[in-house]
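Heads up: the structure comes next, in structure tokens.
2 protein chains.
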Amino acid sequence: MPVMTPDELEAALRGIGAERYHNRHPFHRLLHGGKLTRGQVQAWALNRYYYQCQIPVKDATLLARLPTPELRREWRRRLEDHDGDRPGTGGVERWLKLAEGVGLDRATVESTAGLLPATRFAVDAYVALVRDRSILEAIASSLTELFSPTIIAERVSGMLSHYDFVTPETLGYFTPRLTQAPRDSDFALAYVREHARTAEQQQAALAALRTKCDILWAQLDALHHAYVTPGLIPPGAFVPDERA
Amino acid sequence: MPVMTPDELEAALRGIGAERYHNRHPFHRLLHGGKLTRGQVQAWALNRYYYQCQIPVKDATLLARLPTPELRREWRRRLEDHDGDRPGTGGVERWLKLAEGVGLDRATVESTAGLLPATRFAVDAYVALVRDRSILEAIASSLTELFSPTIIAERVSGMLSHYDFVTPETLGYFTPRLTQAPRDSDFALAYVREHARTAEQQQAALAALRTKCDILWAQLDALHHAYVTPGLIPPGAFVPDERA
């Protein structure tokens, strides 16, 4: 494997997004196109909550490994975004409001009782990656945020136009993400461009981003299998009201 | 929660198997009933290889935490079963022979390159459970072996009668499991009956077995979604020849 220039590396990272980011998954096309029932949207919100609530765990895990005040200050902002500054603020809280907005009970969502096991396994794999792999790989795995503003714009406009049970307040989670994600991914991309110098480091960074895409994709596969086609809900997982 | 007697606890453990063990999954009904193509059987063998090759990792992880020679001797037998005594022996090797028998290339299988990401996440969750939870929970999670002799008998007779590409030699993995699994689960069941004394310990043991069933079920969900219905193979995963 030859060593890439930083621009070539960035192009390869962006190529992974073009191939593997979960905007290409049929479940998202159904979600954004208004093709899901309220129960299916609830299943999405309930499962995605586990991803949201583990994001600050993931960021704190990485924070604890970062060696300098500069890096820790940068990464600490992510915790502020997700955990907020006081009760009732932050991304995790806004996701709970989204879940309530689509008709779920907050305590049920927080309990993670009806979670698909595959959601838990995929999200836990993300925390494990950030704990067990190099700091370069941990930072590279966050680069799916390069691709998120497009999907967020599609999601918000699609869901608002297609679902009468979805309001702008319900989707309040996404508004700050449109500025937070580019700010965060600018930093992470600059870090990877600078620190992935050998061919081995560059391949490791690419593999970490591929794994992160797999983690997001596997969550949608599990939702699609349980709640869309063939609609085979695993034992113990959330059963939407309309099917009960 | 009241404290159960050992017999009540055993009945509750067996009840989890009756409800959640993966013999109830439609993928196994298709596999054993001769309803899969050779490519679908290959996908099963390739993905299940990762489970097989991580079983001794799981057992070594637990072995390292066991406090007495008695317990370690008992658990060491599991490593002997899976890793063998010399090259060409042991359960992992026999699984590779199964994979070759259904037409896969050994090096491809060993590389785990075409693995479904969801298989990796589920199997890694099993190793993590055994590393991170109590010894009681780790041992209880092995109790799916209480339920495996039935499924093995069904699988071997079903696959031999329905698939002309499957021979008794190909399925040689399963023969020793019919005696190893009951021996191992007898020990694990006796351990759990004796050591799960408080209501909390009993509930933790039951939850660990439930999680293990989820780990097995999620692997079949992922196979079913990718290779049966809707047949949506995730980016980068194994594509059977018949669809290439």
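Order-wise, the sequence lines are chains A and B. Here the working numbering is used: position 145 in the first sequence is 605, and no number is missing along the way. Here the working numbering is used: position 233 in the second sequence is 693, and no number is missing along the way. Ideal Cβ positions, reconstructed from N, Cα and C, are used throughout, including at glycine.
Buried or exposed (CB count within 10 angstroms, at least 16 for buried), residue i
| i | result |
| --- | --- |
| residue 627/A | exposed |
| residue 674/A | buried |
| residue 529/B | exposed |
| residue 741/B | Look at the range of chain B in this structure, 461 to 704, and you will see that residue 741/B is not part of it. |
| residue 548/B | exposed |
| residue 508/A | buried |
| residue 597/B | buried |
| residue 477/A | buried |
| residue 546/A | exposed |
| residue 694/A | buried |
| residue 463/B | exposed |
| residue 573/A | exposed |
| residue 691/B | exposed |
| residue 625/A | exposed |
| residue 592/B | exposed |
| residue 704/B | Low local confidence applies: a pLDDT of 39 at residue 704/B is under 50, so the model's placement there is unreliable, with the coordinate-based value given in what follows. Result: exposed. |
Closest by C-alpha distance to residue i, when choosing among the options
| i | options | result |
| --- | --- | --- |
| residue 470/B | 607/B, 692/B, 510/B | 607/B |
| residue 613/B | 636/B, 594/B, 530/B, 592/B | 636/B |
| residue 555/B | 573/B, 577/B, 506/B, 596/B | 506/B |
| residue 479/A | 604/A, 625/A, 551/A, 574/A | 604/A |
| residue 644/B | 534/B, 516/B, 464/B | 534/B |
| residue 615/A | 576/A, 590/A, 504/A, 499/A | 504/A |
| residue 676/A | 602/A, 654/A, 501/A | 602/A |
| residue 527/B | 663/B, 681/B, 667/B, 594/B | 594/B |
| residue 465/B | 538/B, 661/B, 696/B | 661/B |
| residue 623/A | 701/A, 497/A, 693/A, 487/A | 497/A |
| residue 500/A | 513/A, 667/A, 559/A | 559/A |
| residue 686/A | 678/B, 693/B, 483/B | 678/B |
| residue 611/B | 485/B, 476/B, 472/B | 485/B |
| residue 589/B | 537/B, 472/B, 672/B, 531/B | 672/B |
| residue 670/B | 561/B, 551/B, 632/B, 599/B | 599/B |
| residue 633/B | 532/B, 482/B, 551/B, 481/B | 551/B |
| residue 702/A | 657/A, 587/A, 502/A | 502/A |
| residue 576/A | 684/A, 666/A, 518/A | 684/A |
| residue 561/A | 475/A, 569/A, 629/A | 629/A |
| residue 468/B | 659/B, 517/B, 519/B, 631/B | 659/B |
| residue 571/A | 609/A, 513/A, 587/A, 592/A | 513/A |
| residue 553/A | 667/A, 536/A, 664/A, 515/A | 515/A |
| residue 697/A | 518/A, 569/A, 474/A | 569/A |
| residue 609/A | 475/A, 461/A, 481/A, 472/A | 481/A |
DSSP-derived helix/strand/coil call for residue i
| i | result |
| --- | --- |
| residue 524/A | coil |
| residue 478/A | helix |
| residue 547/A | coil |
| residue 636/A | helix |
| residue 537/A | helix |
| residue 647/B | helix |
| residue 572/B | coil |
| residue 607/A | coil |
| residue 579/A | helix |
| residue 671/A | helix |
| residue 657/B | coil |
| residue 625/A | coil |
| residue 561/A | helix |
| residue 518/A | helix |
| residue 593/A | coil |
| residue 698/B | coil |
| residue 462/A | coil |
| residue 485/B | coil |
| residue 691/A | coil |
| residue 676/B | helix |
| residue 493/B | coil |
| residue 703/B | In this predicted model, residue 703/B has a pLDDT of only 47, less than 50, meaning its place in the structure is not dependable; the value taken from the coordinates is given anyway. If DSSP states are grouped into helix, strand and coil, residue 703/B belongs with the helices. |
Contact test: residue i Cβ vs the ligand ATP heavy atom, cutoff 8 Å
| i | result |
| --- | --- |
| residue 548/A | Here there are no bound small molecules, and the ligand ATP is not part of this structure. |
Chain-ordered neighbours of residue i on chain C, where CB pairs are closer than 8 Å
| i | result |
| --- | --- |
| residue 581/A | In the structure shown, chain C cannot be found, because the protein chains are A and B. |
So does the stretch 609 to 629 of chain A actually touch the stretch 476 to 496 of chain A, counting three or more Cβ pairs closer than 8 Å?
The stretch 609 to 629 of chain A makes contact with the stretch 476 to 496 of chain A; the number of CB pairs closer than 8 Å reaches 3 or more.
Are there three or more Cβ pairs, one per stretch, closer than 8 Å when the stretch 573 to 592 of chain A is compared with the stretch 576 to 583 of chain B?
Yes, they touch.
Count Cβ pairs between the stretch 561 to 577 of chain B and the stretch 519 to 526 of chain B that sit closer than 8 Å; are there 3 or more?
No contact exists between the stretch 561 to 577 of chain B and the stretch 519 to 526 of chain B.
Please determine if the stretch 536 to 545 of chain B and the stretch 649 to 658 of chain B are in contact, where contact requires at least 3 C-beta pairs separated by less than 8 Å.
With a cut-off of 8 Å on Cβ pairs, the stretch 536 to 545 of chain B is not in contact with the stretch 649 to 658 of chain B, counting fewer than three such pairs.
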